[in-house]
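**Student:** Counting in numbering that gives the first Met the number 0, the sequence shown runs from 0 upward without gaps.
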Amino acid sequence: MENAITDSVENGDSEQQNSKVKRDLRYIYSHDTYNWIQNFLSDLKKAHKDTESLRYLIHGLGDKLKLIALKKNFKKLNKHALISSYSQAKNRVLIFDNEGTLSNFMKQKEINKKVGPSERILKALGKLCEDKKNTVYVITGRPQEVVYTWFKSVDNLGLAAEYGAKMRSPGSIVWETYYSTKSDWKETAKDIMSGYSERTEGSQIVEKESSVVFLYREAEVELGSYQAKELVSHLDFLLQPYMDEMEICEGIGYVEVKPIGINKGTALYRVIESVFENKGPVDFILAIGDDSSDENMFKMVRMMKKQKSRTLLNSKIPAFTCTLGIKPSSASYFLLDASKVVSLLEHINGEGQKEKRIQSCDDIFKVSKLVNNSQLKSRLKGLVNLDKLEDDDED
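(1) Would you mind listing the beta strand (DSSP E) stretches within the segment 190-278 that are 3+ residues and don't spill past its ends, in chain order?
(2) Assuming Asn133 is part of the beta strand (DSSP E), what are its boundary residues?
(3) For Thr176, write down the residues that DSSP places opposite it in a beta bridge.
(4) Excluding the 5 residues preceding and the 5 following Thr320 in the sequence, name in chain order all residues of the same chain whose CB lies nearer than 6 Å to its CB.
(5) Are Leu156 and Pro142 touching if we call contact CB-CB under 8 Å?
(6) Taking the alpha-carbon positions, what's the Glu221 to Glu294 distance?
(7) Straight-line CA distance for Gly288 to Lys263?
(8) Return helix, strand or coil for Ala88, following the three-state DSSP convention.
(9) By a C-beta neighbour count over all protein chains shown, 10 Å radius and 16 as the cutoff for buried, is Ser196 buried or exposed?
(10) Quick one: measure Cβ to Cβ for Val274 and Val92, integer angstroms, because I've assumed they're closer than 8 Å.
(11) If I measure Cβ to Cβ from Phe104 and keep anything under 6 Å in the same chain, skipping five residues before and after, which residues do I get?
(12) Quick check: the segment 245-262 against the segment 177-193, are there 3 or more CB pairs under 8 Å?
(13) Using the beta-carbon count (16 or more within 10 Å), is Thr322 buried or exposed?
(14) Rounded to the nearest angstrom, how far is the Cβ of Leu127 from that of Asn277, given a contact under 8 Å?
(15) Quick check on DSSP: helix, strand or coil for Ala188?
(16) According to the Cβ coordinates, are Ile191 and Tyr162 closer than 8 Å?
(17) Go through the segment 291-326 residue by residue and report every complete run of the alpha helix (DSSP H) that reaches 4 residues or more, in order.
(18) In the DSSP assignment, what residue or residues form a beta bridge with Leu285?
(19) Using a 10 Å radius around the Cβ and a threshold of 16 neighbouring Cβ atoms, would you call Phe213 buried or exposed?
(20) Does DSSP classify Lys181 as helix, strand or coil?
(21) Taking the alpha-carbon positions, what's the Leu238 to Trp184 distance?
(22) Does DSSP put Phe333 in a helix, a strand or coil?
(23) Taking the alpha-carbon positions, what's the Asp243 to Pro327 distance?
(24) Kindly give me the distance between the Cβ atoms of Leu53 and Lys71, rounded to whole angstroms, as I take these residues to be in contact under 8 Å.
(25) Which term fits Gln226, buried or exposed, when burial requires 16 or more other beta carbons within 10 angstroms of its beta carbon?
(26) With a Cβ-Cβ cutoff of 8 Å, do Asp336 and Asn90 count as a contact?
(27) Can you check DSSP and say which residues form a bridge with Ile67?
(28) Counting along the chain, where does the alpha helix (DSSP H) carrying Leu121 start and finish?
(29) Asn17 by DSSP, collapsed to three states: which one?
(30) Quick check: what's the CA-CA separation for His83 versus Tyr253?
(31) DSSP on Lys151, reduced to helix/strand/coil?
(32) Can you check whether the CB of Leu334 is closer than 8 Å to the CB of Leu66?
(33) With the cut-off set at 8 Å, would you say Val211 and Lys228 are in Cβ contact?
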């Protein structure tokens with residue numbers, strides 16, 4: 000170090016030093032203020048809003064106010080269009096996330112008490128599974144034993160646990176494994192998570208057969224989010240040697256380290272592949288989820304449609320990918336919350352109150368034609384029109 004400083008002082012006017020100065024001067028002369036301004040303005044022009052393919056919404060209040068960019072074709076799911084496509088299809092695949100979609104998020108202590116989906120959910124799924132044209136799956140991140148306990152009462156329902164690491168086909172009692180049992184990274188990830196769990200009150204570590212999770216849904220919101228970001232950065236750095244075996248995933252209230260290539264998108268592909276082998280090309284897809292992990296399903300459906308995979312899918316297949324809430328998503332449609340999902344399933348099953356109400360009014364109107372009473376007909380028309388207005392508001 001001393002020799003370098005001495006050499007620098009003694010040879011300050013050397014030819015090498017002069018060449019460095021000349022190089023720096025050339026850069027300054029060719030990158031003056033005017034040049035910088037021109038480049039800046041050019042970048043500014045390129046950074047305009049994409050109003051052709053995107054629309055922009057203001058979301059939040061106060062310091063949480065933000066601008067959200069949504070695809071222009073991203074719209075509320077039209078259940079009439081969906082049911083119309085559903086009724087014409089002969090080989091359907093319907094895939095659902097559970098928590099946040101079919102049911103509310105559950106605390107770990109509730110899971111241990113075997114509190115699962117409501118009877119209304121189970122009944123709706125059961126009726127869907129009765130139709131031989133349907134292949135119905137629930138794909139969730141929960142462990143195999145928990146998923147089985149929740150849905151064992153529904154016959155012919157396909158189940159995928161741990162994002163598809165473990166899968167059970169409709170009507171089968173055998174669970175198939177789709178991940179490598181080699182997991183040296185699990186203990187390392189668990190040790191790192193332990194430190195964060197100790198200093199994040201309300202958080203816990205959940206170890207599954209294929210993965211390990213830092214769960215912070217019950218922690219204070221801001222503290223949990225901050226610790227999760229720090230944890231992801233820490234894991235990303237320390238697990239570099241295992242990046243060809245595992246991946247780090249974030250979702251609502253959790254950070255998970257799991258085998259690479261195991262996600263809801265690959266699980267959906269396996270389902271469609273299996274359906275094709277047993278029943279032929281799929282001609283209707285409905286995939287609904289609310290979390291970032293469900294985005295893999297939506298992307299997979301879009302990719303398969305773009306590739307026009309006529310081996311697995313019929314051409315021009317109606318595919319309804321749906322997220323919950325208005326937010327940036329790879330899904331084509333949205334529903335507002337989980338209650339709308341249950342209502343949609345009941346409408347598909349022909350049990351929706353709206354469907355019954357319209358049918359009832361139509362039947363009365365037909366009867367009124369047999370009764371030669373213009374005043375009665377007028378009143379009944381008013382009832383039918385009122386019913387239509389209510390339906391339009393509901394949509």
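Even glycine gets a Cβ: it sits at the ideal position worked out from N, Cα and C. Treat the numbers as computed from the prediction; the structure is a model and nothing was measured.
**Tutor:** Looking at the coordinates:
(1) 203-206, 211-214, 245-250, 253-258
(2) 133-138
(3) Lys165
(4) Ala286, Phe297, Val300, Ala330, Ser331
(5) no
(6) 24 Å
(7) 10 Å
(8) coil
(9) buried
(10) 6 Å
(11) Glu98
(12) yes
(13) buried
(14) At roughly 18 Å, the Cβ-Cβ gap does not stay under 8 Å, so Leu127 and Asn277 are not in contact.
(15) helix
(16) no
(17) 294-305
(18) Leu93, Phe319
(19) buried
(20) coil
(21) 7 Å
(22) strand
(23) 29 Å
(24) 6 Å
(25) buried
(26) no
(27) Leu56
(28) 118-129
(29) helix
(30) First, the residue type needs correcting, since residue 83 is Ser and not His in the sequence shown. Rounded to whole angstroms, Ser83 to Tyr253 spans 38 Å at the Cα level.
(31) coil
(32) no
(33) no
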